[in-house]
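Each residue of the sequence shown is one higher than the one before, counting from 16 in the working numbering.
Even glycine gets a Cβ: it sits at the ideal position worked out from N, Cα and C.
Report on the structure given below.
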Amino acid sequence: MIGEKDTNALIMGTFHAICSKYLRQYGKLVGLANNFSICDADASKATVAKLLKAKQQRLKDLSLDLNPSAVLSHISKAKSRADTPEDVAAEAEKQNDDVQRFIADVYEEYESALRRNNSLDFDDLLIYGVKLFEGSPHILQGCKHILVDEFQDTSVLQYRLVKLFALTSKCITIVGDPDQSIYGWRAAEIENLAKMQKDFPDTQQIFLEENYRSTGAILAISHAIVSQDKERIDKGLFTIQPSGPKPFIRSCRNEHEEADHMADEIKRLMAYSGGMLNWTDFAILLRYNALSRPIESAFQKHGIPMRMLAGQKFFERAEVKDLLAYLQLADNPDYNPAFVRIVNVPPRSMGNKSIAEVELVAQRKGLSCWAAAEKICAGQVSGNDTRSTNKLRKVLPPFIKVIRTIRELANTGCTVPDLIRRIIELIYYEAYLHKNHSDSDSRWENVQELINFAEEMVDPEAEYVPQPLKPAPKTELVLNDDGSFSEAIEEEDSVVMSETPLRTFLQTSSLSTDTETADDDGEEDKARVTVSTCHAAKGLEWPVVFIPSTEQGTFPFYRTDSVTEERRLLYVACTRAQAFLCLSHVESRMVGGSSTNKECSEFVAPLVKEKKFAEAPPVVDQGVLRLIGSLLGRSMPSDQDIKDKISSYRPLSILPFTSDGPQGFSFAPRSGILPPSDGPAWTPHGGPQPQFSRAATLPRTGPKSLVPLVPTMFSAPAVSVIPGSSKPVSVGSTASNAASGKPVQASVAAYFKPTSTQRMQSPLGSAMSSRSNQNQARATPSVVQPTTRQTASRDIIDLTKDSKPSLASVAAIGQRTVPSKENLPAARPTAPIQLAGGKRRLGMGHIPDGFNSQPNKKLRGPG
Numbered sequence: 016m017i018g019e020k021d022t023n024a025l026i027m028g029t030f031h032a033i034c035s036k037y038l039r040q041y042g043k044l045v046g047l048a049n050n051f052s053i054c055d056a057d058a059s060k061a062t063v064a065k066l067l068k069a070k071q072q073r074l075k076d077l078s079l080d081l082n083p084s085a086v087l088s089h090i091s092k093a094k095s096r097a098d099t100p101e102d103v104a105a106e107a108e109k110q111n112d113d114v115q116r117f118i119a120d121v122y123e124e125y126e127s128a129l130r131r132n133n134s135l136d137f138d139d140l141l142i143y144g145v146k147l148f149e150g151s152p153h154i155l156q157g158c159k160h161i162l163v164d165e166f167q168d169t170s171v172l173q174y175r176l177v178k179l180f181a182l183t184s185k186c187i188t189i190v191g192d193p194d195q196s197i198y199g200w201r202a203a204e205i206e207n208l209a210k211m212q213k214d215f216p217d218t219q220q221i222f223l224e225e226n227y228r229s230t231g232a233i234l235a236i237s238h239a240i241v242s243q244d245k246e247r248i249d250k251g252l253f254t255i256q257p258s259g260p261k262p263f264i265r266s267c268r269n270e271h272e273e274a275d276h277m278a279d280e281i282k283r284l285m286a287y288s289g290g291m292l293n294w295t296d297f298a299i300l301l302r303y304n305a306l307s308r309p310i311e312s313a314f315q316k317h318g319i320p321m322r323m324l325a326g327q328k329f330f331e332r333a334e335v336k337d338l339l340a341y342l343q344l345a346d347n348p349d350y351n352p353a354f355v356r357i358v359n360v361p362p363r364s365m366g367n368k369s370i371a372e373v374e375l376v377a378q379r380k381g382l383s384c385w386a387a388a389e390k391i392c393a394g395q396v397s398g399n400d401t402r403s404t405n406k407l408r409k410v411l412p413p414f415i416k417v418i419r420t421i422r423e424l425a426n427t428g429c430t431v432p433d434l435i436r437r438i439i440e441l442i443y444y445e446a447y448l449h450k451n452h453s454d455s456d457s458r459w460e461n462v463q464e465l466i467n468f469a470e471e472m473v474d475p476e477a478e479y480v481p482q483p484l485k486p487a488p489k490t491e492l493v494l495n496d497d498g499s500f501s502e503a504i505e506e507e508d509s510v511v512m513s514e515t516p517l518r519t520f521l522q523t524s525s526l527s528t529d530t531e532t533a534d535d536d537g538e539e540d541k542a543r544v545t546v547s548t549c550h551a552a553k554g555l556e557w558p559v560v561f562i563p564s565t566e567q568g569t570f571p572f573y574r575t576d577s578v579t580e581e582r583r584l585l586y587v588a589c590t591r592a593q594a595f596l597c598l599s600h601v602e603s604r605m606v607g608g609s610s611t612n613k614e615c616s617e618f619v620a621p622l623v624k625e626k627k628f629a630e631a632p633p634v635v636d637q638g639v640l641r642l643i644g645s646l647l648g649r650s651m652p653s654d655q656d657i658k659d660k661i662s663s664y665r666p667l668s669i670l671p672f673t674s675d676g677p678q679g680f681s682f683a684p685r686s687g688i689l690p691p692s693d694g695p696a697w698t699p700h701g702g703p704q705p706q707f708s709r710a711a712t713l714p715r716t717g718p719k720s721l722v723p724l725v726p727t728m729f730s731a732p733a734v735s736v737i738p739g740s741s742k743p744v745s746v747g748s749t750a751s752n753a754a755s756g757k758p759v760q761a762s763v764a765a766y767f768k769p770t771s772t773q774r775m776q777s778p779l780g781s782a783m784s785s786r787s788n789q790n791q792a793r794a795t796p797s798v799v800q801p802t803t804r805q806t807a808s809r810d811i812i813d814l815t816k817d818s819k820p821s822l823a824s825v826a827a828i829g830q831r832t833v834p835s836k837e838n839l840p841a842a843r844p845t846a847p848i849q850l851a852g853g854k855r856r857l858g859m860g861h862i863p864d865g866f867n868s869q870p871n872k873k874l875r876g877p878g
């Protein structure tokens with residue numbers, strides 16, 4: 016558009032890249048040679064490590080345990096504020112903070128080391144860029160116009176650079192969304208937007224309010240969330256896209272029901288979209304990574320492939336692997352990888368040389384590393400280096416004592432959550448994380464989640480009989496014939512050990528690390544559902560987005576310094592969705608091994624109260640399919656494709672879609688769609704629903720709807736009737752009978768699985784559960800719309816006007832034999848049964864008189 020010459024004159028890049036470009040040319044003006052090296056993160060860490068090694072005595076005197084990463088994080092934050100080592104030292108004196116004093120000294124030496132090496136780290140590129148442009152502003156005279164993108168994420172230094180670039184021309188355009196400022200913890204300053212209008216008084220503000228990604232319904236919810244901040248810049252959102260399905264919010268009992276809900280909804284939407292949606296179209300956005308553990312478990316169980324975006328899988332995280340290694344070594348002392356991993360975690364003055372010495376002794380004696388360490392401490396063996404051996408005899412005993420303590424507790428049947436807590440206590444692991452990792456809070460959340468995982472595996476009914484530890488073998492020196500000595504080992508009788516809770520846990524956790532599922536076609540580069548943090552998802556988009564744990568303590572995060580930034584983070588997460596958005600929260604969640612009650616997020620609860628969220632999952636009909644195709648540029652699936660996908664779909668374990676759980680006793684009518692007289696033989700619909708063995712087909716001259724009445728409690732059976740018909744819809748009839756007016760096939764199978772609590776509420780729970788499992792196995796999806804309230808229906812009896820169900824039809828539904836007359840009970844009186852307290856429900860006694868005359872009447876129990 017502007018021609019090759021002007022295009023070549025453009026200077027484009029990040030702040031760091033542009034500063035580096037100018038420093039290469041004009042670095043001598045600020046004391047830099049033009050051949051300076053850029054020190055990457057690993058090189059910076061190595062430099063700091065050397066400095067810390069020389070200060071070990073001072074660290075010991077101050078009782079500090081700092082690693083290079085933690086120190087570098089402090090230095091980087093200081094540089095982002097343009098604080099010099101002197102500034103940090105002055106602040107340390109003001110606060111009387113020994114840690115900051117120490118970091119200030121390391122900061123000063125680190126800067127000296129960089130200068131000696133003729134190098135700059137990434138933060139120095141900005142610092143020296145500011146120095147260059149402030150001291151020699153004429154360098155930027157050729158800049159006629161400046162454009163800055165993602166301005167809401169700029170730091171103090173970067174804003175100073177923006178002002179310097181625009182100093183001559185005063186012509187600058189910045190593009191930024193204050194509603195998406197979510198990096199305050201990375202030194203981003205949202206105040207930079209306000210500074211622009213102050214420092215450039217003639218700034219014209221233009222609102223870019225059109226959204227090209229999401230449907231109108233998603234934008235409405237997103238805007239309602241962010242608009243709760245009354246101090247934000249008042250700007251709206253609109254889109255040319257249709258309104259689309261209303262965002263849905265789901266209340267779950269706990270995190271496992273929440274994870275199962277997401278797994279089932281993903282499979283349902285894929286099935287009812289006829290394959291238009293695939294695994295890559297779904298994203299789970301988390302506030303922090305530790306929330307992924309139950310999701311990984313559920314997806315593995317249900318065969319859903321997933322990938323972690325900008326994060327590790329739960330069992331691959333360092334802090335989780337550390338604690339698992341302690342447990343592994345306690346359970347199996349011969350497991351060398353666990354020994355090598357944790358012998359110096361937390362630091363015990365066991366460097367690589369010391370660990371190599373232990374491994375050398377183990378290899379020479381044919382022992383495990385653990386056995387070699389014990390013998391070294393007992394003075395039975397020595398390494399090649401006497402000094403190293405003496406050091407090992409000083410530093411290894413505390414570590415050995417910890418492992419022995421854990422092993423003894425495990426062998427007496429101590430639960431795994433208590434073992435983990437004991438390890439944390441013995442090695443001061445929480446203090447270690449806080450001292451050595453800048454992201455210690457996130458790591459500690461993962462430790463708590465590991466305890467949750469262990470707590471869920473505790474079987475209160477399991478009995479463990481403690482067994483004595485296997486005694487250590489007796490050893491003695493024996494004089495050989497050649498005059499040399501050797502060790503003779505006298506083995507005691509072996510003790511048979513029972514399966515400890517620890518061993519069961521380790522086996523399960525090891526298998527849980529493989530959360531990938533095999534692709535049907537064996538492709539390595541297969542499609543996967545994305546699991547990501549909300550921060551890492553910024554700038555990305557997916558057709559379907561789930562945001563779990565929208566609760567107090569998560570949104571906003573309980574350790575946050577800015578509730579408004581947390582609100583913006585939820586807004587960013589919501590606006591990643593193109594077609595479908597689903598939020599969820601739980602009533603209780605495991606925290607540190609204990610179940611903790613949770614409340615809906617303060618950002619979401621007002622909107623739930625105002626009924627701005629849908630209470631049922633979105634229906635996938637032809638209109639929604641056309642919307643998806645339009646948004647994603649995809650072709651419509653054929654009816655046969657949709658039918659095939661739905662036929663293979665099986666619900667996982669759906670529970671009532673209510674905000675307060677199943678209550679009372681009521682029937683909710685739900686309309687199904689049957690073929691119109693002049694339409695196709697099948698019409699697709701989505702949403703959780705009772706399952707029919709095949710789509711019902713009625714005579715073209717007959718009624719056009721099948722209206723099942725579905726109860727909210729599982730123990731009350733649903734009743735399906737055909738309005739206006741005088742004949743029952745019996746099981747076993749075929750579609751070919753439709754033309755003659757004979758009953759059509761409409762056999763019904765159960766859709767929902769009752770929970771353990773629900774089974775306890777009914778004496779028929781166990782029997783009904785067994786029958787539901789049989790029915791569910793032979794069920795295929797129907798074409799019925801979802802409703803707000805729905806639960807399991809175990810048996811469905813078809814009633815019609817002036818007719819009662821025959822034993823043959825009831826028996827056919829359950830695939831049972833019709834009883835003989837001799838086995839039938841005597842006739843009962845036909846007086847209506849009184850429903851009392853919701854305990855005597857339809858289906859638990861005989862059908863009350865008078866119901867047949869009003870087949871569509873809703874029944875409600877007392878209260």
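- Taking 4 residues as the minimum length, the stretch 247-282 contains no alpha helix (DSSP H) run wholly inside it.
- Under the Cβ criterion (8 Å, minimum of three pairs), the stretch 154-164 does not count as touching the stretch 106-118.
- Between the alpha carbons of residue 363 and residue 410 lies a distance of about 6 Å.
- Distance from the CA of residue 234 to the CA of residue 556, rounded to the nearest whole angstrom, comes to 14 Å.
- Residue 110 counts as exposed, since fewer than 16 other beta carbons sit within 10 angstroms of its beta carbon.
- In terms of Cα proximity to residue 631, the closest of 184, 662, 658 and 599 is 599.
- If you ignore the 5 residues before and after residue 265, its C-beta comes within less than 6 Å of the C-beta of 276 and 599, all in its own chain and listed in chain order.
- Relative to residue 155, the option among 57, 140 and 37 whose CA is nearest is 37.
- When C-beta atoms of the stretch 279-297 are compared with those of the stretch 240-259, fewer than three pairs fall below 8 Å, so the two segments do not count as touching.
- Within the DSSP bridge table, the entry for residue 557 names 592 as partners.
- By DSSP's assignment, residue 603 forms a beta bridge with 612.
- Residue 148: member of the alpha helix (DSSP H) spanning 137-150, first to last residue.
- For the pair residue 462 and residue 335, the CB atoms are nearer than the 9 Å cut-off.
- Between the alpha carbons of residue 546 and residue 28 lies a distance of about 30 Å.
- Taking a contact as a CB-CB distance under 8 Å, the pair residue 174 and residue 210 counts as one, their CB atoms being some 7 Å apart.
- Around the beta carbon of residue 186, fewer than 16 other beta carbons lie within 10 angstroms, which makes this residue exposed.
- Contact between residue 306 and residue 564 holds, since their C-beta atoms are separated by about 6 Å, short of 8 Å.
- Within a 10 Å sphere around the beta-carbon of residue 328 sit 16 or more other beta-carbons, which makes this residue buried.
- In this structure, residue 91 keeps its C-beta atom at 9 Å or more from the C-beta atom of residue 172.
- The three-state reading of DSSP puts residue 597 in strand, counting E and B together.
- The Cβ atoms of residue 567 and residue 617 sit closer than 9 Å to each other.
- For residue 162, the pairing in a beta bridge is given by DSSP as 188.
- Residue 324 sits in a strand when the DSSP states are folded into three classes.
- Our two residues, residue 472 and residue 519, have alpha carbons roughly 9 Å apart in a direct line.
- Secondary structure at residue 547: strand, using DSSP grouped into helix, strand and coil.
- Under the three-state reduction of DSSP, residue 301 is assigned to strand.
- In the displayed model, residue 224 falls within coil according to three-state DSSP, outside both helix and strand.
- Counting every other CB atom within 10 Å of its CB across the protein chains shown gives residue 369 a total of 16 or more, marking it as buried.
- Contact between residue 243 and residue 205 is ruled out by a C-beta separation of about 16 Å, above the 8 Å threshold.
- At a Cβ-Cβ threshold of 9 Å, residue 544 and residue 299 count as neighbours.
- If you draw a straight line from the Cα of residue 605 to the Cα of residue 467, it is about 6 Å long.
- Of 578, 574 and 647, the smallest CA-CA separation from residue 595 is found for 647.
- Around residue 587, the same chain offers 195, 197, 549 and 553 as residues with beta carbons nearer than 7 Å, after the five sequence neighbours per side are excluded.
- As computed with DSSP, residue 398 is found in no beta bridge at all.
- Assignment of residue 205 by DSSP, reduced to helix, strand and coil, places it in the coil class.
- In this structure, the alpha-carbon of residue 399 lies about 59 Å from that of residue 148.
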